[in-house]
Amino acid sequence: MATAWEDIQYLRSTGEAIPMDMRTLLPTSLAAELHGFNGCLWKTPEVIWRQARWQAFAPGNSTYHLYQCRYGVKWPNGSGFHCIDGGYATELSAEFDTPWGPPSAAVLCALSARFRCQVRHVYAEEGCGFCGYSEYDHGRLTDHESDEIEFSDEENEDGFQDVTGPDYILDSLPHYGG
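The sequence shown: position 126 = 126 (the UniProt record's numbering), numbered continuously.
Right, here's the structure in full:
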């Protein structure tokens, strides 16, 4: 754990962005990884995968299915993970993007438990109009809320409606005016 904190301290001082692999928080399945994204890397004869010890190689056991169930996202990678130094030695703010939706509560619980810290996760998906937040303390979910994104009535100069709420995404996500 000391190495992870050293890496975080380095990121805090540089502002450098790195990829975030959720598989470092929750283990993946070797069978699903070998089967591939669509679960069709190879054809396992039915006589084999019907046996209990070979169920992991049954058709449909793909990384797509595993990632959706375990991580809550299509790909368990967050892009642009960077730490934001708020000026307090005990405070860490991290920002990263995932495709089309937030990671599962299990990922954030694991993050909070691994570093024995509090995590406040705020997310927004403007294209689908949903947002929310969740808070974790030492691996336990303590608070959560989900809402619809509020948009302005008028279009901006680029032809889009501006995000006007809820307040917690405006205050927490820099690209929404926070």
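Cβ atoms here follow ideal geometry from the backbone N, Cα and C, with glycine treated the same way.
Fair warning: this is a prediction, and the values are worked out from it, not measured in the lab.
- Taking all protein chains shown into account, ARG114 has fewer than 16 neighbouring C-beta atoms within 10 Å of its C-beta and is therefore exposed.
- Taking the Cα of ALA31 as reference, the smallest distance to any Cα among MET22, SER62, PRO19 is reached at SER62.
- Excluding residues up to 5 positions away in sequence, GLN161, ASP162, THR164 lie with their Cβ nearer than 7 Å to the Cβ of SER152 in the same chain.
- Classified as exposed, PRO27 has fewer than 16 neighbouring CB atoms from the shown chains inside 10 Å of its CB.
- When secondary structure is reduced to three states using DSSP, HIS138 falls in the coil class, being assigned neither helix nor strand.
- Collapsing the DSSP output to three states places ARG70 in a helix.
- Here DSSP, grouped into helix, strand and coil, assigns THR63 to helix.
- GLY72 sits close to SER104, with the two beta carbons spaced by under 9 Å.
- For GLU155, the beta-bridge partners assigned by DSSP are GLN161.
- The Cβ neighbour count for THR24, taken over all protein chains shown within 10 Å, is under 16; the residue is labelled exposed.
- Looking only at GLY159, ARG116, CYS109, LEU170, the smallest Cα-Cα distance to HIS144 is reached by CYS109.
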